[in-house]
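Report on one structure; see the data block that follows.
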Amino acid sequence: MLLKVISLKGIEYEGDVVSLNIQTTSGEITVLENHRPLITLLKPGLAVIIEQKNQKKEMEINGGFLEVAPRNKINVLVD
2 MLLKVISLKG IEYEGDVVSL NIQTTSGEIT VLENHRPLIT LLKPGLAVII
52 EQKNQKKEME INGGFLEVAP RNKINVLVD
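Sequential numbering from 2 applies to the sequence shown in our numbering.
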């Protein structure tokens, strides 16, 4: 899956990932390959990204929006 994390400063992260675990206003979700399309608000918290080769990356976010688009594309717009 292609993940982009975008802030007012520009692209904070861009890469191929296995999964994304993130806090939404409805609760915590994990996005995996072929996830259904979704747009939701994000709560402040920790985003956990599992990259290819199972490398783990953590990002603190202060809220924003999550878009899961068709064809395994994920956009995270953060404050």
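C-beta atoms are modelled at their ideal positions from N, C-alpha and C, and glycine is treated no differently. A quick note: this is a predicted structure, and the numbers were derived from the prediction, not measured.
Asked                                                                                                                                                                                               : Found
CA-CA distance, residue 31 and residue 9?                                                                                                                                                           : 24 angstroms
Can you name, in chain order, every residue of its own chain whose Cβ lies under 6 angstroms from the Cβ of residue 33, other than the five neighbours on each side?                                : 20
State the Cα-Cα distance for the pair residue 68 and residue 13, rounded to the nearest angstrom.                                                                                                   : 16 angstroms
Any idea which residues DSSP pairs residue 100 with across the strands?                                                                                                                             : In the structure as shown, the chain begins at 2 and stops at 80. Residue 100 is therefore absent and cannot be evaluated.
Going by DSSP, name the residue or residues bridged to residue 39.                                                                                                                                  : 69
Please work out which residues of its chain come closer than 8 angstroms, Cβ to Cβ, to residue 15, disregarding the five sequence neighbours upstream and downstream, and give them in chain order. : 3, 4, 5, 6
Name the DSSP beta bridge partners of residue 47, please?                                                                                                                                           : 61
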